[in-house]
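**Q** Can you read through this structure? Questions will come right after.
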Amino acid sequence: MVFIIILNWLIFYFLHSFLADTQIKEKTRKLTGLSKRQYRLIYTIFSTIHFFILLLIYILLPKEKALTLPYSNLIFVVSLIVGLLILGSSFKNISVKEFSGLKEGKNKGHLIKSGIYKYIRHPIYTGTLLIIFGWLYSSFNIYSLSIVIVSILYLPIGIWLEERKLIREFGMEYIIYKGRVGGILPKLKSRN
1 MVFIIILNWL IFYFLHSFLA DTQIKEKTRK LTGLSKRQYR LIYTIFSTIH
51 FFILLLIYIL LPKEKALTLP YSNLIFVVSL IVGLLILGSS FKNISVKEFS
101 GLKEGKNKGH LIKSGIYKYI RHPIYTGTLL IIFGWLYSSF NIYSLSIVIV
151 SILYLPIGIW LEERKLIREF GMEYIIYKGR VGGILPKLKS RN
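Residue 105 in full-length UniProt numbering sits at position 105 of the sequence shown; the count goes up by one each step and never skips.
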């Protein structure tokens with residue numbers, strides 16, 4: 001069963017990146033006649049449904065905690081709250097409606113470097129990772145561990161693909177931003 005869980009999450013992450021690829025989006029849009037907003041909306045709906053199906057599969061699996069870690073509920077609640085705060089702050093400069101495809105984007109052609117984006121380039125990944133780690137800590141079993149491992153292994157790939165797209169879109173502005181601002185954690189300032 002662990003293999004099936006891992007395979008399903010690998011498929012989810014592959015489709016997430018594949019369908020977000022600029023060339024795939026353009027080819028699909030030309031083939032179907034969809035606008036950018038319509039494609040984004042369908043992509044978001046598909047990804048959300050796929051994610052909740054995987055979550056439901058996990059919930060329905062018979063499982064036992066492999067071990068109970070100290071303060072597991074507290075750590076989960078704290079990581080959930082901090083993760084949600086980071087996710088929420090990432091949407092202060094990005095409209096949820098634009099992100100989901102419900103509304104045409106007004107920030108197109110504009111690199112967002114304010115708010116939480118002053119400190120980290122990928123706050124959505126950061127918030128999600130905090131929630132995932134808290135969840136793993138509170139419900140430590142072979143299935144949750146395998147999902148977290150696959151997610152952590154996907155993270156650098158997802159970031160690399162996203163940043164490749166951002167460099168194509170923003171060029172040197174993004175490269176300079178990337179050099180100054182940390183990816184999922186803030187960069188520590190050197191004292192030199």
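Virtual Cβ for every residue (Gly too), placed ideally from N, Cα, C.
Who are the near neighbours of isoleucine 5 in its chain, counting only those whose CB is closer than 6 Å to its CB and skipping five residues on each side?
**A** Once the five neighbours on either side are set aside, the close Cβ partners of isoleucine 5 are Tyr143 and Ser146.
**Q** Alpha carbon to alpha carbon, what distance is there between arginine 121 and leucine 130?
**A** Taking the straight line from one Cα to the other gives about 16 Å.
**Q** Is DSSP giving isoleucine 131 helix, strand or coil here?
**A** Here isoleucine 131 sits in helix by DSSP.
**Q** In the DSSP assignment, find the unbroken alpha helix (DSSP H) run with serine 95 in it and report its ends.
**A** Run containing serine 95: none; DSSP gives neither H nor E here.
**Q** So the alpha helix (DSSP H) arginine 40 belongs to, where does it begin and stop?
**A** Element bounds for arginine 40: 36 to 60.
**Q** For proline 123, count neighbouring C-beta atoms within 10 Å of its own C-beta (all shown protein chains included) and say buried if the count is 16 or more, exposed if not.
**A** Burial call: buried.
**Q** Taking the beta carbon of arginine 40 as the centre, do at least 16 other beta carbons fall within 10 Å, making it buried, or is it exposed?
**A** By the 10 Å Cβ count, arginine 40 comes out buried.
**Q** Per DSSP, isoleucine 120 forms a beta bridge with which residues?
**A** Looking at the DSSP assignment, isoleucine 120 forms a beta bridge with Gly182.
**Q** DSSP state of glycine 171, grouped into three classes?
**A** Coil, per DSSP.
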